[in-house]
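In what follows, a single structure is set out as structure tokens and then discussed.
Residue numbers (this note's numbering): 125 to 285.
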């Protein structure tokens, strides 16, 4: 019997940055839910989400920014810098754009998801998709980000300098 190859998911997101070229910060989000509760280094990400079938990646990136931050994007499409895409360890492709903007992490109001928790308990619990957002300097962001996404930070840094 032939095996069907798995098709890796495709995500899209927006990396917000603020500050001067020599000392800018980026906004990263921490995934919510019980699997991520005690993970920090390498667990943070750009605000992103899965591209729906037939959806343009840029439209997905703008939608996901609003869903994960809980507010309409503080940017317009003409302000975006295309950072290209990267492939994460599990094979997911992430398309990314960047924009200079500000966001107050205290106003974070992420959408939620429901899952069975604890496992095999039969109980459904709701969790925020993103439980924290924080501004990081470039060097701190390198340690916090999903390792594959660091390339996006390098591309942004090269474009901002």
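By construction, the Cβ of each residue, glycine as well, lies at the ideal position given by its N, Cα and C atoms.
In terms of CA proximity to residue 159, 243 leads the group 247, 214, 243. It is roughly 7 Å from the alpha-carbon of residue 141 to the alpha-carbon of residue 222. Inside the region 129–176, DSSP marks whole beta strand (DSSP E) runs of 3 or more residues at positions 134–142, 149–155, 172–174, from first to last along the chain.
When DSSP states are grouped into helix, strand and coil, residue 271 belongs to the helix group.
Taking each of 139, 144, 154 in turn and checking the Cα distance to residue 256, the smallest one comes out for 154. For residue 145 and residue 212, the gap between their C-alpha atoms comes out near 27 Å.
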